[in-house]
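S.K.: Once you've had a glance at the structure underneath, I'll fire off some questions.
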Amino acid sequence: MFICTVNILSEYISYFLKAKGRHGTHSPFVYQFVSECLKTNMDNNFVLERKKLFNSLKKDKKTIEITDFGVGSKRLGNIRSLKSIFKTNTSRGKYGTLLYKITKFYKPKSILELGTSLGVGSFHFSKANSDSQIITLDGCSEIYKVAVQNLNIRECVNVTCVNSTFIEYLKANTNQKYDLIFIDGHHDGEALLIYLELLKQNSHNDTIFILDDIRWSDSMLAAWNKIIQSKDYNLTMDLFRMGIIIPRKQQEKEHFIIRF
Ligand SMILES: C[S@@+](CC[C@H](N)C(=O)[O-])C[C@H]1O[C@@H](n2cnc3c(N)ncnc32)[C@H](O)[C@@H]1O
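Start counting the sequence shown at 956; every next residue gets the next number (this note's numbering).
Right, here's the structure in full:
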C-alpha cells in the first residue's frame, strides 16, 4: 500500500518562510532568472490558443484506458476521462506558464520531456519558441494517441511524440544532448535518481533540468534532498512544486528557495 507522510501544508509553510525574491540572491544567474525570466511576457496569441485547448480538454468526457508505467495516480483508476486527466495530470496554471517562460527566455534548441500525458507541457514548450525541437515520451499508447492529436490540432510542428517507456528510450538514445529536460512522470524517488544518472549522457554543463512534483511523496522528497546535496548540480532552485537543477561547473555550489 502507498503511504505518503509528506505534510504538504507544513512543507509549504516552511518553503514560504524561507523563499526569497531577487533581492535575496547574490547569484547573477538566479537574479536574472527571477527578475527577467519569471517576468517574461506571454504572447496574446498563445494565451488565446491555450484558453481554447484548456476549454476543450476540461469538458472532454471521452474515456481511455491507461497503462501505467510509473507509480500511477493517487486518486484515479485505469479507465479515465480526458477531463479528469487534464485536471490531475497536466501542467496547468502557473507551472505551465513557468515552462513557457523558461523556454521563451532561454531559447533551448532541444528539449526532452519525460511524460507527455495530453501534451499540455509540450504545447507550452512548442509555442514559447518555434525554433526549439521538442521530443516528448509517454509509455501509454492510448494517451500518446490523444497527445499526437492535440498537438496536431494546435499545429505544434516542432514536437515529436514518442510512445516509449523512459528507460527504453534513454538506453537506446545515448548520443543526443538536450538543453532543457523536463522530468514529469514516474514520480518515484529511486526512479528519478536512475533517470538523472542516465540523463548525464544526454545533458551538458548548462542543461536546465526541471523536476516536477518534488514533494509528491516521501521518496520524491528524499530524492530531492539528495539531489540538492549532489556535487553534480551546482545550481539548484526550489519553486515548491517544481525544482530546477543545472550542473554549472563554473560556479560555487548554491541552493536557492525562490518565491514563486
Ligand atoms: C504527469 S503526466 C505528464 C504531464 C505533462 N508533462 C504535462 O506537462 O502536462 C505523466 C505521464 O508520464 C507517463 N509515464 C509515467 N511513467 C512512465 C514511464 N516509466 N515511461 C513512460 N511514460 C511514463 C504517464 O503515462 C503519464 O502520461
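Every residue gets a Cβ at the ideal spot worked out from N, C-alpha and C, and that includes glycine.
(1) Quick check on the burial criterion: 16 or more other C-beta atoms within 10 angstroms. Buried or exposed for Leu1008?
(2) Can you tell me where the alpha helix (DSSP H) holding Val1075 begins and where it ends?
(3) Which residue marks the beginning of the alpha helix (DSSP H) containing Val1002, and which one marks its end?
(4) Is it true that the CB of Lys1062 sits closer than 7 Å to the CB of Asn1084?
(5) How far does the alpha helix (DSSP H) with Gly1198 in it reach, from first residue to last?
(6) Per DSSP, what are the beta-bridge partners of His1210 in this structure?
(7) Check whether the Cβ of Asn1044 lies closer than 6 Å to any heavy atom of ligand 1, and answer yes or no.
(8) Residues in its own chain within less than 8 Å of Ile1098 by CB, not counting five upstream and five downstream?
(9) Can we say the segment 1112-1131 touches the segment 1086-1096, given the rule of at least three CB pairs closer than 8 Å?
(10) The alpha helix (DSSP H) spanning Leu1125 covers which residue range?
(11) Can you have a look at Ile1165 and say buried or exposed, based on whether 16 or more other CB atoms are within 10 angstroms of its CB?
(12) Please report the Cβ distance between Asp1015 and Ser1036, rounded to the nearest whole angstrom; I am assuming they are in contact, meaning their Cβ atoms lie under 8 Å.
(13) Do you know offhand how far Gln1104's Cα is from Gln987's?
(14) Does the distance from the C-beta atom of Leu1190 to that of Ile1201 stay below 7 Å?
(15) Decide if Glu1110 is buried, meaning its Cβ has at least 16 other Cβ atoms within 10 Å, or exposed.
(16) Quick one: residues in its chain with C-beta nearer than 7 Å to the C-beta of Gly976, no 5 flanking neighbours on either side, listed in chain order?
(17) At a threshold of 6 Å, does Thr1120 count as lining ligand 1 (C-beta to nearest heavy atom)?
(18) Just to confirm the assignment, what range does the beta strand (DSSP E) spanning Ser965 have?
(19) If you follow the beta strand (DSSP E) that Asp1093 is part of, which residue opens it and which one closes it?
(20) Could you name the residues of the same chain whose beta carbon sits closer than 6 Å to that of Leu1148, not counting the 5 residues immediately before and after it, in chain order?
(21) State the DSSP-derived secondary structure class of Cys1111, mapped to helix, strand or coil.
M.R.: Based on what the coordinates show:
(1) buried
(2) Val1075 to Ala1083
(3) Asn999 to Lys1014
(4) yes
(5) Premise fails: Gly1198 lies in the beta strand (DSSP E), Met1197 to Ile1201, not in any alpha helix (DSSP H).
(6) In the DSSP output, where bridge partners are listed per residue, His1210 has Thr1191.
(7) yes
(8) Ile1019, Ile1021, Ile1040, Thr1071, Ser1072 and Leu1073
(9) yes
(10) Phe1121 to Ala1127
(11) buried
(12) 7 Å
(13) 37 Å
(14) yes
(15) exposed
(16) Val989 and Arg1214
(17) True, at least one ligand heavy atom lies under 6 Å from that Cβ.
(18) Unbroken run through Ser965 is the alpha helix (DSSP H), Ile963 to Lys973; no beta strand (DSSP E).
(19) Gln1088 to Asp1093
(20) Ala1178
(21) coil
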